[in-house]
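Take a look at the structure below.
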Amino acid sequence: MKVIAPSLFTPKRPAGAVQMQQFHALILPHLDGAYNLARYLTCDATLAEDVVQDAMVRAFRAFPQFRGGSPRAWLFAIVRNCCRTAQASSAGRVALVIHESSLGEEAAAQLNDHADPRPTPEEEAMRQADVGLVRAAIEAIPEPFREAIVLRELEELSYAEIAEVTGVPIGTVMSRLARGRAMLAKELLPQDKAADEQSRSAS
Amino acid sequence: MPACADQELLLGGLIDNELDAANVALVEAHVARCEDCREELERLQAVRHRLRTDGVRHVAPESLSSRIAALPELAPPRSANDNRILRWLGPGVIGALAASVAMVTLLPPGTDSVVDQEIVSSHVRSLQPGHLTDVQTTNQHIVKPWFNGKIDFSPPVPELADVGFPLAGGRLDSIGGKTVAAIVYHRRLHTVNLYVWPAKDSAERSFVKDGFAVTEWSRNGLRYAAVSDIPPAEVRQFHQLFEQRSS
Numbered sequence: 161m162k163v164i165a166p167s168l169f170t171p172k173r174p175a176g177a178v179q180m181q182q183f184h185a186l187i188l189p190h191l192d193g194a195y196n197l198a199r200y201l202t203c204d205a206t207l208a209e210d211v212v213q214d215a216m217v218r219a220f221r222a223f224p225q226f227r228g229g230s231p232r233a234w235l236f237a238i239v240r241n242c243c244r245t246a247q248a249s250s251a252g253r254v255a256l257v258i259h260e261s262s263l264g265e266e267a268a269a270q271l272n273d274h275a276d277p278r279p280t281p282e283e284e285a286m287r288q289a290d291v292g293l294v295r296a297a298i299e300a301i302p303e304p305f306r307e308a309i310v311l312r313e314l315e316e317l318s319y320a321e322i323a324e325v326t327g328v329p330i331g332t333v334m335s336r337l338a339r340g341r342a343m344l345a346k347e348l349l350p351q352d353k354a355a356d357e358q359s360r361s362a363s
Numbered sequence: 031m032p033a034c035a036d037q038e039l040l041l042g043g044l045i046d047n048e049l050d051a052a053n054v055a056l057v058e059a060h061v062a063r064c065e066d067c068r069e070e071l072e073r074l075q076a077v078r079h080r081l082r083t084d085g086v087r088h089v090a091p092e093s094l095s096s097r098i099a100a101l102p103e104l105a106p107p108r109s110a111n112d113n114r115i116l117r118w119l120g121p122g123v124i125g126a127l128a129a130s131v132a133m134v135t136l137l138p139p140g141t142d143s144v145v146d147q148e149i150v151s152s153h154v155r156s157l158q159p160g161h162l163t164d165v166q167t168t169n170q171h172i173v174k175p176w177f178n179g180k181i182d183f184s185p186p187v188p189e190l191a192d193v194g195f196p197l198a199g200g201r202l203d204s205i206g207g208k209t210v211a212a213i214v215y216h217r218r219l220h221t222v223n224l225y226v227w228p229a230k231d232s233a234e235r236s237f238v239k240d241g242f243a244v245t246e247w248s249r250n251g252l253r254y255a256a257v258s259d260i261p262p263a264e265v266r267q268f269h270q271l272f273e274q275r276s277s
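Going down the list, the protein sequences come from chains A and B.
Mapping to the working numbering: the first sequence position 151 is 311, numbers consecutive.
Mapping to the working numbering: the second sequence position 87 is 117, numbers consecutive.
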């Protein structure tokens with residue numbers, strides 16, 4: 161686990177109550193989204209938690225500079241930068257390849273996480289297997305496309321917001337989404353996958 | 031078969047609702063003619079369906095939420111009450127301990143200042159683009175029924191345009207963890223938010239917090255709080271006009 165520099169924890173003068181409350185109202189509700197983004201960018205559960213914690217501290221310090229617009233896009237841009245920093249500092253770390261055995265563990269852990277009653281165990285297992293498949297497919301595509309797909313399909317950001325988070329023009333966002341979707345279609349749609357394998361074995 | 035290369039981005043824009051009307055018409059006309067693009071559109075939608083399977087999106091684990099809540103930077107300032115941190119810690123973290131502390135500290139007079147603060151914060155938040163009104167109209171007969179079925183009380187929505195407070199609309203908001211009606215009036219270029227929620231009658235009061243003028247009053251089992259950046263005297267004037275017109 162990455163050790164967060166102690167300087168991050170140096171207590172600061174308490175900020176204004178309004179600012180604190182605004183931060184709680186505008187930024188903290190996007191914790192799930194921030195984690196989801198960090199998780200798909202790092203492909204690492206532990207690292208993602210560290211990144212999000214780091215990002216929240218930075219976001220809080222930078223919050224006085226937040227000038228309206230989409231709070232979510234603003235936070236996600238910080239999360240993204242923190243992912244970059246974390247990945248650079250752990251250079252040599254290879255993106256985790258998810259094996260089926262470890263997927264099973266993850267699925268099992270997830271099952272325990274959700275205490276609420278669900279359909280039958282078989283249905284749940286099927287669903288979990290499907291979730292694992294989709295997650296692995298997303299993690300397998302190259303980062304610029306993965307990032308665009310996660311922001312659009314899972315976080316439902318607008319093109320303008322994605323452009324703001326990733327710092328590229330909207331046209332680039334559109335072409336990344338198109339390529340990302342094409343790659344995912346090959347993996348996730350049965351007929352596309354079959355056609356792809358056929359053409360590969362034929363050549 | 032691959033879709034037409036020149037349509038690829040437009041098809042994406044179509045399912046993402048990001049095209050303007052002219053482009054929507056163009057791409058829809060093309061899709062009606064072109065079978066390959068029709069198939070591609072279905073493929074895009076199938077991929078979206080798979081991606082949006084429940085559980086694909088990661089949710090912050092409890093351990094992370096509690097780490098964030100425990101950050102010294104995010105601890106509420108000394109003057110604040112405990113209920114805010116409770117709300118943010120979410121269910122289950124600190125749990126029984128905080129709850130028992132809250133039982134002791136949340137009761138009045140502490141509650142007042144928190145609600146005051148929330149009224150002002152909610153007003154500030156509502157001024158962000160797109161946050162002000164859920165139902166946007168100058169017609170009182172649209173705003174009032176709009177609240178029906180969304181809240182279990184019926185706030186009066188008098189017309190005040192002729193006395194300088196034109197109606198702008200309404201929305202639901204949350205104050206002190208309760209759902210409240212927010213009725214929005216304008217005053218010149220300023221916005222007046224009027225929050226209404228059921229509460230025991232208590233005294234009328236006016237105060238200024240962070241530069242925003244607030245006037246609160248009770249009537250017929252409803253508590254009203256008007257907040258705006260106009261001068262406090264005008265907020266009190268708004269209160270009087272509102273009372274006259276709603277009785």
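From the three backbone atoms N, C-alpha and C, an ideal C-beta is built for every residue, glycine too.
Quick caveat, the model's predicted, so the values are computed rather than measured.
Problem - Nearest-angstrom beta carbon gap, B/V214 and B/T221 [assumed within contact, 8 angstroms] - result: With a Cβ gap of about 6 angstroms, B/T221 and B/V214 count as contacting.
Problem - Under the three-state DSSP convention, the category B/R218 falls into - result: If DSSP states are grouped into helix, strand and coil, B/R218 belongs with coil.
Handout entry: Helix, strand or coil at B/V265 [DSSP, three-state]
Key = DSSP places B/V265 in helix when its eight states are reduced to three.
Exercise for the section: Below 7 angstroms CB to CB, which residues in the same chain sit around A/A185 once its five sequence neighbours on both sides are set aside? Expected result: Within the same chain, A/A185 has no close Cβ partners at all.
Practice task
Give the residues of chain B in contact with A/E313, contact being defined as C-beta atoms less than 7 angstroms apart.
Solution key: Neighbourhood of A/E313 in chain B, by CB distance below 7 angstroms: R78, L81 and R82, in chain order.
Exercise for the section: Could you pull the start and end residues of the beta strand (DSSP E) that B/G200 belongs to? Expected result: Run containing B/G200: L197 to I205, per the beta strand (DSSP E) assignment.
Exercise for the section: Tell me, to the nearest whole angstrom, how far the beta carbon of B/R266 is from that of B/S236; I am working on the premise that it is less than 8 angstroms. Expected result: Rounded to the nearest angstrom, the Cβ distance from B/R266 to B/S236 is 6 angstroms, consistent with a contact under 8 angstroms.
Handout entry: Contact with chain A by B/R253, beta-carbon distance below 8 angstroms
Key = Not an interface residue.
Problem - Burial state of B/H153, where buried means 16 or more other Cβ atoms lie within 10 Å - result: Under the 10 Å beta carbon count, B/H153 is surrounded by 16 or more other beta carbons and is classified as buried.
Problem - Environment of A/V217 [buried if 16+ CB atoms lie within 10 Å] - result: Label assigned to A/V217: buried.
Handout entry: Any C-beta of chain A under 8 angstroms from that of B/A90
Key = Yes, B/A90 counts as interfacial toward chain A.
Handout entry: 6 angstroms Cβ shell around B/S248 - same chain, five flanking residues per side excluded
Key = Only D231 and S232 meet the Cβ criterion.
Handout entry: C-beta neighbour in chain A for B/I205, strict 8 angstroms
Key = Not one chain A Cβ lies under 8 angstroms of B/I205.
Exercise for the section: Within 10 angstroms of the Cβ of A/E231, are there 16 or more other Cβ atoms? Answer buried if so, exposed if not. Expected result: It should be noted that the sequence gives Pro, not Glu, for residue 231 of chain A. The residue is buried, with at least 16 neighbouring Cβ atoms inside 10 Å.
Practice task
Evaluate A/Q182 with the Cβ neighbour count: other Cβ atoms within 10 Å of its Cβ, from every protein chain shown; 16 or more gives buried, anything less gives exposed.
Solution key: Its Cβ being crowded by 16 or more others within 10 Å, A/Q182 is buried.
Practice task
Report the three-state DSSP secondary structure of B/A110 (helix, strand or coil).
Solution key: Low local confidence applies: a pLDDT of 44 at B/A110 is under 50, so the model's placement there is unreliable, with the coordinate-based value given in what follows. Residue state, collapsed to three classes: coil.
Problem - Segment contact, 8 angstroms Cβ cut-off, at least three pairs: the stretch 293-302 of chain A with the stretch 207-222 of chain A - result: Cβ pair count under 8 angstroms is below three, so no.
Problem - Contacts around B/F177, its chain only, beta-carbon distance under 6 angstroms, and the 5 residues preceding and following it disregarded - result: Cβ neighbours of B/F177 beyond the five flanking positions: A211.
Handout entry: Nearest-angstrom Cβ-Cβ length linking B/T83 and A/V291, presumed shorter than 8 angstroms
Key = Yes, they are in contact, since the Cβ atoms of B/T83 and A/V291 sit about 6 angstroms apart, within 8 angstroms.
Problem - Positions along the stretch 179-192 of chain A whose CB lies within less than 9 angstroms of some CB in chain B - result: Residues M180, Q181, Q182, F183, H184, A185, L186, L188, L191 and D192.
Practice task
May I have the straight-line CA-CA distance separating B/S258 from A/M286, to the nearest angstrom?
Solution key: Rounded to the nearest angstrom, the two C-alpha atoms are 54 angstroms apart.
Exercise for the section: Can you have a look at A/T202 and say buried or exposed, based on whether 16 or more other CB atoms are within 10 angstroms of its CB? Expected result: Result: buried.
Handout entry: Bridge partner(s) assigned by DSSP for B/A211
Key = Paired residues: B/L202 and B/V226.
Exercise for the section: With DSSP as the reference, please indicate the residues paired to B/Y254 in a beta bridge. Expected result: Residue pairing of B/Y254 in beta bridges, as defined by DSSP: B/V226 and B/W247.
Handout entry: Given A/A235 as reference, the closest of A/I322, A/I298 and A/A297 once Cα atoms are compared
Key = Residue 235 of chain A is actually Leu in this sequence, not Ala. With distances taken between Cα atoms, A/L235 lies closest to A/I322.
Problem - B/T158 - DSSP class collapsed to helix/strand/coil - result: Looking at the sequence provided, one finds Gln at residue 158 of chain B rather than Thr. In the three-state reduction of the DSSP assignment, B/Q158 falls in the coil class, being assigned neither a helical nor a strand state.
Practice task
Assign B/A59 to one of two classes, buried (16 or more other C-beta atoms within 10 Å of its C-beta) or exposed (fewer than that).
Solution key: B/A59 should be labelled exposed.
Problem - Test: B/S95 CB closer than 8 angstroms to a CB of chain A - result: Chain A contact via Cβ: present.
Problem - For B/R235, the three-state DSSP class (helix, strand or coil) - result: Three-state DSSP puts B/R235 in a strand.
Practice task
Inspect the beta-carbon positions of B/G43 and A/M343 and report whether they are closer than 8 angstroms.
Solution key: No.
Exercise for the section: Determine the burial state of B/D36: buried for a count of at least 16 other Cβ atoms within 10 Å of its Cβ, exposed for fewer. Expected result: The residue in question, B/D36, is exposed, as its Cβ has fewer than 16 Cβ neighbours within 10 Å.
Practice task
Check the DSSP bridge columns for B/N12 and list the partner residues they point to.
Solution key: The structure shown has nothing for residue 12 of chain B, since chain B only spans 31 to 277.
Practice task
Select from B/V238, B/R253, B/G241 and B/V54 the residue whose C-alpha is nearest the C-alpha of B/L224.
Solution key: Of B/V238, B/R253, B/G241 and B/V54, the smallest CA-CA separation from B/L224 is found for B/R253.
Practice task
Report yes if the C-beta distance between B/L71 and B/V86 is below 8 angstroms; otherwise report no.
Solution key: For the 8 angstroms CB-CB criterion, B/L71 and B/V86 do not form a contact.
Problem - Identity of the residue in B/A33, B/L39 and B/C34 nearest A/R336 by Cα - result: Taking the Cα of A/R336 as reference, the smallest distance to any Cα among B/A33, B/L39 and B/C34 is reached at B/L39.
Exercise for the section: Within the stretch 55-116 of chain B, note down every full alpha helix (DSSP H) run reaching 4 residues or more, in order along the chain. Expected result: Those alpha helix (DSSP H) runs which fall completely within the stretch 55-116 of chain B and span 4+ residues are 65-81 and 92-99.
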